[in-house]
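Read through the structure below, which is laid out as structure tokens, and then see the notes.
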Amino acid sequence: MFYDLLRHAKSGLLPLCRHFRRCLPHPALVPESFSVSDSQSESSLSWLWKLFGSSHKEKTNSITIPKFPERPEDVNLATALQYGTATGLPQLQKFINDFVKNVYQPAYEDWTTLVQTGNTDGWSRAILTLCNPGEVFITEDWTYPSALASSEPYGIRPVGVPMDSEGMRSDELRKLLAEWDETARGCRRPHVMYTIPVGQNPTGVTMGVARKKEIYDICVAYDVIIVEDDPYYFLQMGAYVAKEARAPQASRVESDKWIGSLTPSYLKLDYQGRVIRLDTFSKTIAPGSRLGFFTCNPRFAERLERAGETSTQSPCGFGQSLITQLLISWQYDGYVRWLHGLAVQYEARRDFMIDALAEEFKLQLSLGTTGAWRGCTVYTASAKPQRRAGGTTEKFALDADKMREKPYFSLVPPSSGMFVWVQMHFAHVRGFRAGDEDTLEMKLWTKIAEAGVLIGPGHFFSADGGAADGGSVGARACHFRISFSFGTRRLTHRRVQHEDMKKAMKIFAETVRDFFENPE
985 MFYDLLRHAK SGLLPLCRHF RRCLPHPALV PESFSVSDSQ SESSLSWLWK LFGSSHKEKT
1045 NSITIPKFPE RPEDVNLATA LQYGTATGLP QLQKFINDFV KNVYQPAYED WTTLVQTGNT
1105 DGWSRAILTL CNPGEVFITE DWTYPSALAS SEPYGIRPVG VPMDSEGMRS DELRKLLAEW
1165 DETARGCRRP HVMYTIPVGQ NPTGVTMGVA RKKEIYDICV AYDVIIVEDD PYYFLQMGAY
1225 VAKEARAPQA SRVESDKWIG SLTPSYLKLD YQGRVIRLDT FSKTIAPGSR LGFFTCNPRF
1285 AERLERAGET STQSPCGFGQ SLITQLLISW QYDGYVRWLH GLAVQYEARR DFMIDALAEE
1345 FKLQLSLGTT GAWRGCTVYT ASAKPQRRAG GTTEKFALDA DKMREKPYFS LVPPSSGMFV
1405 WVQMHFAHVR GFRAGDEDTL EMKLWTKIAE AGVLIGPGHF FSADGGAADG GSVGARACHF
1465 RISFSFGTRR LTHRRVQHED MKKAMKIFAE TVRDFFENPE
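At position 169 of the sequence shown (counting the first as 1) the number is 1153 in this note's numbering, and the numbers step up by one without a gap.
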């Protein structure tokens, strides 16, 4: 499968998957320069234009990292580019500690932080520290493929928990733990949970504080350690509103107010120190920096530090020094302002992608009743009715009714993150037979790739390949993950134009329509 993805990564491909496991931020959203001062413009979005591509940029300050420090506290290359400790640069440690205290507000006093080389490295260290070969860990029944791949060579397997509109279901988690049969399962009850609570990968749902409290209490009762992987935390968005009903975006809110509007981390509920939180700069500054950090209790941190010393050692000195100096230059308020700008950008990208699909398909709304979309507003896509030359109004109505009975796919606009999770309705493919789902997913994926668009096949994200919702294994292969993070865009004072994304959605729509009539 990996070979197939590489084979289709040809020149000119529109990358709405980009990487077979990860979702990449757009290079335009990697910080180059911006002023952290407030705009004096009357435009409600002037602060955003200053962050991303304004044609009237004010002069900005460059950051410089000297080879040797003038003051002991200065970031310098002589230190950063040497063999370093697994704890990272002291200046970065201080910024991270202050940031965690202000934003996540852990519920106990002696928490600590520790740098790592990105959340995949963080999870790898956690799973090797906390689990033995042959054990299992808990996760959502759809999840991040690299988290699964990291544990597989050690014989540490995932057990999926069904989801709804807020992610992992607390009732299903309690049932799983209460009814665990060690003899039947062949291993002891799981004591580690891996979860992506915000912008869940791949479904895009976000867990509220009440659900987190329920799950935390269950983990206390059954002594489960929570590994909170939260790369999309600062990409929380408002609900999707159809283009014709959408109001103009409001002006920027103050930093503290915006931070306060975000759903709290598990850290804020963690009075026992059983949460290991993973943060990364990959989605907020640059994936190539290979830099992130743990927040956890000191005992866990000491073991995770030892694991780092025998694997990655310290994070890259170039990445650490650049990001540290950037954060020191921006200070807390400047960094939060940058994060808020990213959230607005990704919300605009999400809206544009779904708007583009609405131009290609008739989208009908309903309430999800099963699976990961239970309780969500579901958009179901079918063919737009079109009058035929010389056709009658009656014929038009009959054709429209017939087409509405045959949906192509459904989606739920994500509340956070970088991607849309699409469920295909392959039962309406011409000549469909039960059991064809696996084959049809790969056939359609190949046709879309050959037409010039790369998206993520759904079965990559299945935690255990089982039928968590009571359906067949094949039914779980009827999904695609489509990223709206990547694609050429032009940002002006008046509008955002996502040229590649519009082209990609047109290709996707044409290929899907043709495939449902002729799947061969």
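Ideal placement from N, C-alpha and C gives every residue a C-beta, glycine not left out. Note that this is a predicted model, so its numbers are computed, not measured.
| Item | Value |
| --- | --- |
| For Ala1270 and Val1014, the rounded distance between their alpha carbons | Low confidence applies here, because Val1014 scores a pLDDT of 49, under 50, leaving its location unreliable and the question unanswered by this model. |
| Contacting residues, own chain, Cβ-Cβ under 6 Å from Asn1185 (five flanking each side not counted) | Tyr1128 |
| Given 8 Å, three or more beta-carbon pairs between the stretch 1333-1347 and the stretch 1222-1234 | yes |
| Per DSSP, cross-strand counterpart(s) of Pro1441 | Phe1464 |
| Nonlocal neighbours in the same chain, by C-beta distance under 7 Å from Ser1154, ignoring five residues either side | Arg1195, Glu1198, Ile1199, Ile1202 |
| Cβ shell of Lys1368 (< 7 Å), same chain only, five flanking positions each side left out | Phe1345, Lys1346 |
| Backbone secondary structure at Arg1141 - three-state DSSP | strand |
| Beta-carbon proximity check, Ser1400 vs Tyr1216, cutoff 8 Å | yes |
| C-beta atoms of Glu1331 and Arg1414 nearer than 8 Å | no |
| Identified DSSP bridge partners for Met1147 | Met1152 |
| Sequence-distant residues of its chain with Cβ nearer than 7 Å to Tyr987 (five each side left out) | Note that Tyr987 has pLDDT 44, beneath the 50 cutoff, so the model's placement of it is unreliable and the number below is only indicative. Same-chain partners within the cutoff: there are none. |
| Chain-order list of residues whose beta-carbon lies under 6 Å from that of Leu1262 (same chain, five-residue window excluded) | Asn1103, Gly1106, Asp1213 |
| The stretch 1434-1443 in contact with the stretch 1490-1501 per 3-pair CB rule at 8 Å | yes |
| 8 Å Cβ cutoff met for Cys1171 and Glu1136 | no |
| Rounded straight-line distance, which links the Cα of Met1337 to that of Met1485 | 7 Å |
| In chain order, each alpha helix (DSSP H) run of at least 4 residues that lies wholly inside the stretch 1277-1328 | 1282-1293 |
| Closest by C-alpha distance to Asp1317, when choosing among His1463, Thr1423, Glu1238, Ala1418 | Glu1238 |
| Minimum Cβ-Cβ distance from Gly1257 to chain E less than 8 Å | In the displayed structure, chain E is absent; only one protein chain is listed. |
| Nonlocal neighbours in the same chain, by C-beta distance under 7 Å from Leu1253, ignoring five residues either side | Ala1091, Lys1196, Lys1197, Tyr1200 |
| Residue burial classification, Leu1349 (beta-carbon count within 10 angstroms, cutoff 16) | exposed |
| The stretch 1417-1436 / the stretch 1354-1369 touching (three or more Cβ pairs under 8 Å) | no |
| Lys1379 to Lys1487 span [Cα, whole Å] | Unreliable positioning characterises Lys1379 in this predicted model, as indicated by a pLDDT of 45, which lies under 50. A coordinate reading is not provided. |
| Straight-line gap, Thr1364 to Pro1053 (C-alpha atoms, nearest Å) | 59 Å |
| Secondary structure of Tyr1178, DSSP reduced to three states | strand |
| Residue closest to Arg1173, alpha-carbon to alpha-carbon, out of Lys1159, Val1362, Thr1268 | Lys1159 |
| Ile1047, DSSP secondary structure in three states | coil |
| Given 8 Å, three or more beta-carbon pairs between the stretch 1319-1326 and the stretch 1278-1288 | no |
| Check whether Gly1183 and Leu1132 have beta carbons under 8 Å apart | no |
| Residues that Thr1364 bridges to, as DSSP identifies them | Gln1348, Ser1394 |
| Completely contained alpha helix (DSSP H) runs for the stretch 1050-1104, where each covers 4 or more residues | 1061-1064, 1074-1087 |
| Sequence-distant residues of the same chain with beta carbon closer than 6 Å to Met1191, five excluded per side | Glu1150, Gly1151, Pro1181 |
| Cβ-Cβ separation, Phe1278 to Ile1260 (assumed contact under 8 Å), whole Å | 6 Å |
| Residue interval of the alpha helix (DSSP H) (run including Phe1416) | Phe1416 -> no alpha helix (DSSP H), and no H or E assigned at all. |
| Cα-Cα separation, Val1496 to Tyr1392 | 7 Å |
| Residues of its chain near Lys1431, where Cβ-Cβ distance is below 7 Å and the 5 sequence neighbours each way are ignored | Thr1495, Phe1499 |
| Same chain only: Cβ atoms within 7 Å of Phe1265, ignoring 5 sequence neighbours per side | Ser1273, Leu1275, Gly1276, Ile1307 |
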